[in-house]
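Asker: Below are the structure tokens for one structure; questions will follow.
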Amino acid sequence: MAKNPRKNSRKSKGKDSTSSAFYSNLWWWLRVCLAAVVSKLVADYYVQRSQPTLNRQFQSFHSDVYVIDDFLPTEVALDWRRRMLEAWENTQELLKDCEGGDSCPNTNNENSNNRTFHFATNNDGFQQGDGRVPNNAKVRSLEQLPQRNHTAHQMRQRHMFAYAKWELPPAHVLVQEMEDYMRSNTTRQTVARLLADKHPQLDLQPQLADLFVTYYNQGDFLTTHNDNVCGTWAFVVSLTQEPDEGPSWNNDMGGTLRFQCPHTTRSRYHHPSSPNYWCESLVPKFNTALLFNTRLPGGVMGPNHEVLPVHVPPSSGYFRFGLTGWYMDAQDVMDETAKAELNKMRSRD
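Numbering (UniProt numbering), first residue to last: 1 to 349.
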């Protein structure tokens, strides 16, 4: 019996149609999977970029110092910096309203707690040791600005511990927000992870020893010191502001954070006034954090460090904003003398 060519043709076309649909669906699924893989890779790339990453590590005296990039989520870092800039602008407006623009009375200081910086020194216009300011007590206010600044620079020239800088009062809402962020479980776990290779037993407590928010104006500085009575681990987070057009912050602009050389070098025999005493100079860089030991086991002190005077004025568009604080390790217990000294430095009445 003769075969029906039309029937065979229909079968052939049916097979071709089924095959075509199969490959079409397969190609569609391959494209979907490929797009998903690419999307995941891109997402992971940006997540990794936004995660804190260890840039490098070095030793200063007996301590480990860690330089961490992208320490804060970018949106958090930008928001904090914006609010610090607003606080500085508020400070300038307040000083203009005060007589002479050099000092404001206590009433204005109290009313400005939630909107301005205050000038911080460890003198009240007189040098340490004359009975006016005990030891390292901090004076944070908008009073006697020229006199306190002049005394601070005199103390620096005489190689005394001194500082002149601007700080937000502890009552400022941004200070409280930063404290909550830095002592959160997530942040402490991140810090512990970054330091885990050399400090696997690190147990950072949720209560910070201290935290302050700073702006170093032109001429401001912090002389050589160690943070032996401040806490176990110091953190310094830079939130610098730079103009859209212009070079990044560099050594010529001042404000460099310097660390003494490792204890294994001959530089330990030099005085801090000698350039051979210092091995690391770090310029401020936005959203970069430093972490370093300040109280080591066995009573060993942390490294000496200092902030050199800032050379650039605010009108240049460069602002050295940042925050500094200290974690306590669970195994580190302060004696009463250290606690008393810390309370003087905190200035939190």
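Cβ atoms here follow ideal geometry from the backbone N, Cα and C, with glycine treated the same way.
(1) Looking only at its own chain, which residues have a Cβ that is under 8 Å from the Cβ of L174, when we skip the five neighbours before and after it?
(2) Is the number of C-beta pairs between the region 249-262 and the region 302-312 that are closer than 8 Å three or more?
(3) As an exercise, report each continuous alpha helix (DSSP H) stretch of at least 4 residues that is fully enclosed by the region 130-210, in chain order.
(4) So the candidates are F235, N228, G255; which of them puts its Cα closest to the Cα of V300?
(5) Does the distance from the C-beta atom of A289 to that of I68 stay below 9 Å?
(6) Can you check whether the CB of G231 is closer than 9 Å to the CB of G325?
(7) Look at the Cβ atom of P73, then the Cβ atom of L194, and state whether they are nearer than 9 Å.
(8) Buried or exposed: where does F71 fall if 16 or more other Cβ atoms within 10 Å of its Cβ makes it buried?
(9) Is there contact between the region 134-151 and the region 117-126, where contact requires at least three CB pairs shorter than 8 Å?
(10) Please state the DSSP three-state secondary structure of R31.
(11) Under the rule that 16 or more other beta-carbon atoms within 10 Å means buried, what is F22, buried or exposed?
(12) Work out the CA separation of T190 and R31 for me, nearest whole Å.
(13) Please state whether the Cβ-Cβ distance between V77 and L204 is less than 9 Å.
(14) Tell me which residues share the same chain as H271 and place their Cβ nearer than 7 Å to its Cβ, disregarding the 5 neighbours each side in the sequence.
(15) Just to check my reading of the structure: Y216 and V310 have Cβ atoms closer than 8 Å, yes? What is that Cβ distance to the nearest angstrom?
(16) Could you tell me the distance, in whole angstroms, from the CA atom of D102 to the CA atom of H150?
(17) Provide the residue(s) that pair with V236 in DSSP beta bridges, ordered along the chain.
(18) Opposite M301 in the DSSP bridges: which residues?
(19) What does DSSP give as the partner residue(s) for E280 in the beta ladder?
(20) Kindly indicate the opening and closing residues of the alpha helix (DSSP H) around A87.
(21) Nearest-angstrom Cα distance between L211 and V139?
(22) Is H159 closer than 9 Å to S273 when the C-beta atoms are compared?
(23) Assuming contact is defined by CB atoms lying nearer than 9 Å, are F292 and V65 in contact in what I supplied?
(24) Using DSSP with H/G/I as helix, E/B as strand and the rest coil, what is Y66?
(25) Under three-state DSSP, which class holds Y318?
(26) Return helix, strand or coil for N55, following the three-state DSSP convention.
(27) Measuring only the C-alpha atoms, how far is D332 from Q92?
(28) Which of the three DSSP states, helix, strand or coil, is assigned to F22?
(29) Give the single residue among Q59, D97, A152 whose Cα lies nearest to the Cα of K198.
(30) Do you know how far the Cα of G125 is from the Cα of S238?
(31) Could you spell out where the beta strand (DSSP E) holding L222 opens and where it closes?
(32) Could you give the first and the last residue of the continuous beta strand (DSSP E) run that contains H311?
(33) Pull up the distance between the alpha-carbon of Q48 and that of T186, whole angstroms please.
(34) If you reduce the DSSP assignment to three classes, tell me which class D329 lands in.
(35) Please indicate yes or no: does the CB of Q157 lie closer than 8 Å to some heavy atom of the ligand MG?
Answerer: In terms of the structure at hand:
(1) Here residue 174 refers to the residue found at position 174 of the sequence shown. The answer, listed in chain order, is W80, R83, M84, A87, L168, V213.
(2) yes
(3) 145-157, 173-182, 185-194
(4) Residue numbering aside, residue 300 sits at position 300 when the sequence shown is read from its first letter. Comparing Cα-Cα distances from V300 to each of F235, N228, G255, the minimum goes to N228.
(5) Counting from 1 along the sequence shown, the entry for residue 289 is found at position 289. Counting from 1 along the sequence shown, the entry for residue 68 is found at position 68. Taking 9 Å as the Cβ cut-off, A289 and I68 qualify as a contacting pair.
(6) For the purposes of this step, residue 325 is taken as the residue at position 325 of the sequence shown. For the purposes of this step, residue 231 is taken as the residue at position 231 of the sequence shown. Yes. Within cutoff.
(7) By one-based count along the sequence shown, residue 73 stands at place 73. By one-based count along the sequence shown, residue 194 stands at place 194. The answer is no: Cβ separation not under 9 Å.
(8) Looking up residue 71 in the sequence shown gives position 71. The residue in question, F71, is buried, as its Cβ has 16 or more Cβ neighbours within 10 Å.
(9) yes
(10) One-based indexing of the sequence shown puts residue 31 at position 31. Looking at R31 - three-state DSSP - the assignment turns out to be helix.
(11) Position 22 of the sequence shown, counting from 1, holds the residue named residue 22. Classification for F22: exposed.
(12) Position 31 of the sequence shown holds residue 31. Position 190 of the sequence shown holds residue 190. Computed Cα separation, rounded: 37 Å.
(13) The residue labelled residue 77 in the question sits at position 77 within the sequence shown. The residue labelled residue 204 in the question sits at position 204 within the sequence shown. The amino acid occupying residue 77 in the given sequence is Ala; Val does not appear at that position. Not closer than 9 Å, so no.
(14) Position 271 of the sequence shown, counted from the start, is the residue given in the question as residue 271. Y277, listed in sequence order.
(15) Looking up residue 216 in the sequence shown gives position 216. Looking up residue 310 in the sequence shown gives position 310. Confirmed, Cβ separation roughly 5 Å.
(16) Position 102 of the sequence shown, counted from the first residue, corresponds to residue 102. Position 150 of the sequence shown, counted from the first residue, corresponds to residue 150. So the two alpha carbons sit approximately 13 Å from each other.
(17) Reading the sequence shown from its first residue, position 236 is the one you call residue 236. V236 is bridged to L290, T324.
(18) The residue you call residue 301 lines up with position 301 of the sequence shown. Per DSSP, R295.
(19) Locating residue 280 in the sequence shown gives position 280, counting from the first residue. In the DSSP output, where bridge partners are listed per residue, E280 has F259.
(20) In the sequence shown, the residue the question calls residue 87 occupies position 87. Residues 74-97.
(21) Locating residue 211 in the sequence shown gives position 211, where the first residue counts as 1. Locating residue 139 in the sequence shown gives position 139, where the first residue counts as 1. When rounded, the distance between both Cα atoms is 16 Å.
(22) Stepping through the sequence shown from its first residue, residue 273 is reached at position 273. Stepping through the sequence shown from its first residue, residue 159 is reached at position 159. Yes, these two residues count as a Cβ contact at 9 Å.
(23) Mapped onto the sequence shown, residue 292 falls at position 292. Mapped onto the sequence shown, residue 65 falls at position 65. Yes, the Cβ-Cβ distance between F292 and V65 is below 9 Å.
(24) Taking the sequence shown and counting its residues from 1, one reaches residue 66 at position 66. If DSSP states are grouped into helix, strand and coil, Y66 belongs with the strands.
(25) As a working mapping, residue 318 is identified with position 318 in the sequence shown. The answer is coil: DSSP assigns Y318 none of H, G, I, E or B.
(26) Residue 55 sits at position 55 when you count from the first residue of the sequence shown. Of the three classes helix, strand and coil, the one that applies to N55 here is strand, per DSSP.
(27) Residue mapping note: residue 332 aligns to position 332 of the sequence shown, counting from 1. Residue mapping note: residue 92 aligns to position 92 of the sequence shown, counting from 1. The alpha-carbon atoms of D332 and Q92 are separated by roughly 41 Å.
(28) Locating residue 22 in the sequence shown gives position 22, counting from the first residue. Helix at F22.
(29) Sequence index remark: in the sequence shown, residue 198 carries index 198 (1-based). Comparing Cα-Cα distances from K198 to each of Q59, D97, A152, the minimum goes to Q59.
(30) Residue 238 sits at position 238 when you count from the first residue of the sequence shown. Residue 125 sits at position 125 when you count from the first residue of the sequence shown. Each residue's Cα considered, the two are about 29 Å apart.
(31) Here the question's residue 222 lines up with position 222 in the sequence shown. Note, L222: beta strand (DSSP E), 221-225.
(32) Locating residue 311 in the sequence shown gives position 311, counting from the first residue. Counting along the chain, H311 falls outside any beta strand (DSSP E), and DSSP gives it neither H nor E.
(33) To locate residue 48, count along the sequence shown from 1; it is residue 48. To locate residue 186, count along the sequence shown from 1; it is residue 186. Unreliable positioning characterises Q48 in this predicted model, as indicated by a pLDDT of 45, which lies under 50. The coordinate reading is nonetheless provided below. One C-alpha to the other measures close to 16 Å.
(34) Taking the first residue of the sequence shown as 1, we reach residue 329 at position 329. Reduced to three states, the DSSP call for D329 is strand.
(35) Absent from the structure shown: the ligand MG. Ligands present: none.
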